[in-house]
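Working notes, beginning with the structure itself.
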Amino acid sequence: MKKHNFYAGPSILPQYTIENTANALHDFAGMGLSLMEISHRSKQFVAVVDEATALFKELLNIPEGYSVIFLGGGASTQFCMVPYNLMKKKAAYLNTGEWSKKAIKEGKFFGEVDVVGSSDDKNFNYIPRGYTIPADADYFHITTNNTIFGTEIREDLNSPVPLVADMSSDIFSRPVDVSKYAIIYGGAQKNLAPAGVTFVIIKNDILGKVDRPIPTMLNYKTHIDKESMFNTPPVVPIFAALQTLKWLKQMGGLAEMEKINIHKAGLLYDEIDRNPLFKATVVAKEDRSLMNVCFVMNEAYADLEKEFVDFATKKGMIGIKGHRSVGGFRASLYNALPQESVEALIAVMQEFEKIKK
Ligand SMILES: *Cc1c(COP(=O)(O)O)cnc(C)c1O
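Under our numbering, the first residue of the sequence shown is numbered 1394, with each subsequent residue one higher.
Written as structure tokens, this is what we have:
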């Protein structure tokens, strides 16, 4: 039976990425050696990093004056690297869920954290609006896509202070006006590559403003100066990321991806809104994530939750159980997930409705 991969992360990757990476694990760049056993300083691998950096810049239309680096440590290490490198006294944060909370916790190690808006009061089922960002904050930190709660900030916000965004789970899902951001970072394992590599896009002139000494590995400048080669970078995930970037280009780039993503998510949200058994946890349509669709059973059918997960899993729907802090179901519809998988899930929901209603 065909499996449909709705895992939230690590998650589905393009077949193109998986096949090319599998081949390179046997023979990388015609070297007769595995990608796992070659020097990261070989000219063949340096070419991979260079091409990945160039495609990052091309696909996201990154302006002059920005660097792209590939690091280890996951997005979670960025929660501390950002304040380490940018916070003098105070930073503003928007609290939109678990990942924001973790970023806020790390920020507090370095100075004053001003949480300017929060959707904590409603279990993070909306995006806060109408907050004020203090002009004396060193930066404003947001999580654009809230992987656990299924909300997303799909516009590039205007911020009076440097804007920092965790885009772990929606990078490359839409065009982004990078010029509005000082830093964009993310773990690769949601929409780009296997776990192990973290990308950081940095506006160079944002650095060098804090007085504290910064340990070498946690200093962005170290990695910018050495073009991600200060120490051994995650070789295999970077190679895989390059394949996904090539695939994105073949797909027509990010404007095309956005169209596809709007359409795919629209199909599923329409079914959730129509099907009397289910309801979406995020009510406001403009706040709904295109990447992680969260839904629950309607009250009258609440006791059928586990039965639906089992029913859907038996039919090949993998990874649709919701995160424990939301319950219900979560279908992650990352770039690589084909529309056919969304249609298969909708068919399963309709079949379940026929049995139960
Ligand atoms: C998964 C995720 C993280 C954590 O990433 P790691 O690479 O595991 O540290 C952070 N932020 C968001 C939005 C995520 O989805």
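Don't be surprised by glycine CBs; every beta carbon is placed ideally from N, CA and C.
Model, not experiment: these values are computed from the prediction.
DSSP places T1470 in the uninterrupted alpha helix (DSSP H) bounded by G1467 to L1479. If only uninterrupted alpha helix (DSSP H) runs of at least 4 residues are considered, those enclosed by the stretch 1624-1680 are 1628-1643 and 1647-1667. Per the C-alpha coordinates, the member of V1675, E1736 and A1648 positioned closest to L1660 is E1736. One Cα belongs to S1404, the other to I1564, and the distance between them is close to 14 Å. The DSSP-derived three-state label of H1433 is coil.
Fully enclosed beta strand (DSSP E) runs of no fewer than 3 residues occupy 1533-1536, 1556-1559 and 1576-1580 of the stretch 1506-1591, in order along the chain. In the DSSP assignment, K1483 falls within the beta strand (DSSP E) that extends over K1483 to N1488. Non-local C-beta neighbours of T1446 in its own chain, meaning closer than 6 Å and more than five positions away in sequence, comprise V1461, ordered along the chain. Taking a cut-off of 8 Å for Cβ pairs, the stretch 1472-1483 and the stretch 1596-1606 touch, as three or more such pairs fall below it. Across the set I1713, L1641, I1655 and E1746, the C-alpha of L1641 shows the shortest separation from the C-alpha of L1448.
The C-beta distance from N1518 to V1686 rounds to 13 Å, too long to meet the 8 Å contact threshold.
Around N1538, the same chain offers E1545, S1562, D1563, S1682 and M1684 as residues with beta carbons nearer than 6 Å, after the five sequence neighbours per side are excluded. Spanning the alpha carbons of Q1636 and L1738 requires a straight line of approximately 28 Å.
Distance from the Cα of F1745 is smallest, within the candidate group E1491, K1396 and N1668, for N1668. Using a Cβ distance threshold of 9 Å, K1639 and Y1409 count as a contacting pair. Put simply, the backbone Cα of A1724 is about 38 Å away from that of I1431. Relative to ligand 1, the beta carbon of G1402 is positioned inside 8 Å of a heavy atom. Residue environment analysis places R1522 among the exposed positions, since fewer than 16 neighbouring C-beta atoms fall within 10 angstroms of its C-beta. Taking all protein chains shown into account, T1536 has 16 or more neighbouring C-beta atoms within 10 Å of its C-beta and is therefore buried. Checking the DSSP bridge columns, you'll see N1685 partnered with S1725.
When rounded, the separation of the alpha-carbon atoms in Y1574 and I1595 is 8 Å.
Judged by DSSP in its simplified three-state form, K1707 adopts helix. Here DSSP, grouped into helix, strand and coil, assigns Y1400 to coil. Where L1464 is concerned, the enclosing beta strand (DSSP E) starts and stops at Y1459 to L1464. G1402 places its beta carbon less than 9 Å from that of T1540.
Under a 10 Å Cβ-count criterion, P1527 is classified as exposed, with fewer than 16 other Cβ atoms of the shown protein chains found around its own Cβ.
Its chain contains K1714 as the residues whose beta carbon lies nearer than 6 Å to that of V1702, once the 5 sequence neighbours on both sides are disregarded; these appear in chain order. Between F1592 and F1438, the gap from beta carbon to beta carbon reaches 9 Å or more. For ligand 1, no non-hydrogen atom lies closer than 8 Å to the CB of N1488. When the beta-carbon positions are compared, K1483 and D1559 stay at least 9 Å from each other.
Under the three-state reduction of DSSP output, I1595 falls in the strand class. Remark: the shortest separation between the CB of A1633 and any heavy atom of ligand 1 does not fall under 8 Å. Secondary structure note for E1692: it is in no alpha helix (DSSP H), with a DSSP letter that is neither H nor E. Here the C-alpha atom of N1416 lies approximately 38 Å from the C-alpha atom of S1493. Here T1414 is buried, its C-beta having at least 16 other C-beta atoms within 10 Å.
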